[in-house]
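**Q**
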Amino acid sequence: MEPESEEMLLNAAKKAFKDTFGVEPEVAACAPGRVNLIGEHTDYNDGYVLPMALPLTTIAVGRKNGRDQIQIKTMSENMGETTLTSFPIPSVEPLSKGDLKWANYVKGVIANFKGAVPGFDAVFVSNVPLGGGLSSSASLEVATFTLLEALTGLSAHSAIEKALVCQKAEHDFAGVPCGIMDQMIATIGRENHAVLIDCR
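Residue numbers (numbering that gives the first Met the number 0): 0 to 199.
1) Return the CA-CA distance between Ile37 and Asp67, expressed in angstroms with no decimal places.
2) Run through the segment 40 to 128 for me and flag every whole beta strand (DSSP E) of 3 or more residues, listed as ranges in chain order.
3) In this structure, how does DSSP classify Cys165 when only helix, strand and coil are distinguished?
4) Quick test of the definition: if touching needs 3 or more C-beta pairs under 8 Å, does the segment 84 to 97 touch the segment 134 to 150?
5) Following the continuous beta strand (DSSP E) through Asn35, name the residue where it begins and the one where it ends.
6) Helix, strand or coil, according to DSSP, for Ile184 in the structure here?
7) Excluding the 5 residues flanking Asp171 on each side, which residues of the same chain have their C-beta closer than 6 Å to its C-beta?
8) Does Gly61 pass the burial test, meaning 16 or more other C-beta atoms within 10 Å, or should it be called exposed?
9) Given that a residue counts as buried once 16 or more other Cβ atoms are within 10 Å of its Cβ, and exposed if not, what is Pro50?
10) According to DSSP, is Ile179 part of a helix, a strand, or is it coil?
11) Hey, would you say Thr56 sits closer than 8 Å to Pro31, going by beta carbons?
12) Given a cut-off of 8 Å on the beta-carbon distance, is the pair Phe112 and Ile71 in contact?
13) According to the neighbour-count rule (16 or more other Cβ atoms, all chains shown, within 10 Å of its Cβ), is Asp42 buried or exposed?
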């Protein structure tokens, strides 16, 4: 069975957003899953890795809501429950881990984002398999960071900075001591290209 195309995922995300929040989203972001060709378990041991992005994607759509609340929802069953969850913006109350595992990855990125994060609503859709070794969590993190860039107009100074923020989110909010490979390839990956990364 062919995976859903990015266009199909984007349309599904837009429809879910309109159905959930009653308005159209204003911004969209995406990030791919990945496969690693050479260098398993070497990224957190200062080694070399050779990953490449896959045509499997997490897409996020959103818009500012003018309130001190963030509301997020996933429409992908492979992320867990498709329920809406909400929490205050970080300037009102420091973010903490909750019961929804997928939402913790989003919270971790928001908590570590350098700029002031406004209240916003967002929907996430993904066809990256969960727990399949294809970096669904990094895909979600990088899509979240890119969405925040679009919402705030503030961009990371470099791909490395962006990947490091997403890695820290996984460390702090998911308790996973991962290396930098997954977040880095989700940030800089290009179609039909493998990327040699020196993780020192």
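Backbone N, C-alpha and C define an ideal beta-carbon position, used for all residues, glycine too.
Keep in mind that this is a model prediction, so the values were computed, not measured.
**A** Taking the definition as stated:
1) 45 Å
2) 50 to 63, 68 to 73, 83 to 87, 119 to 125
3) helix
4) no
5) 26 to 35
6) helix
7) Gly107
8) buried
9) buried
10) coil
11) yes
12) no
13) buried
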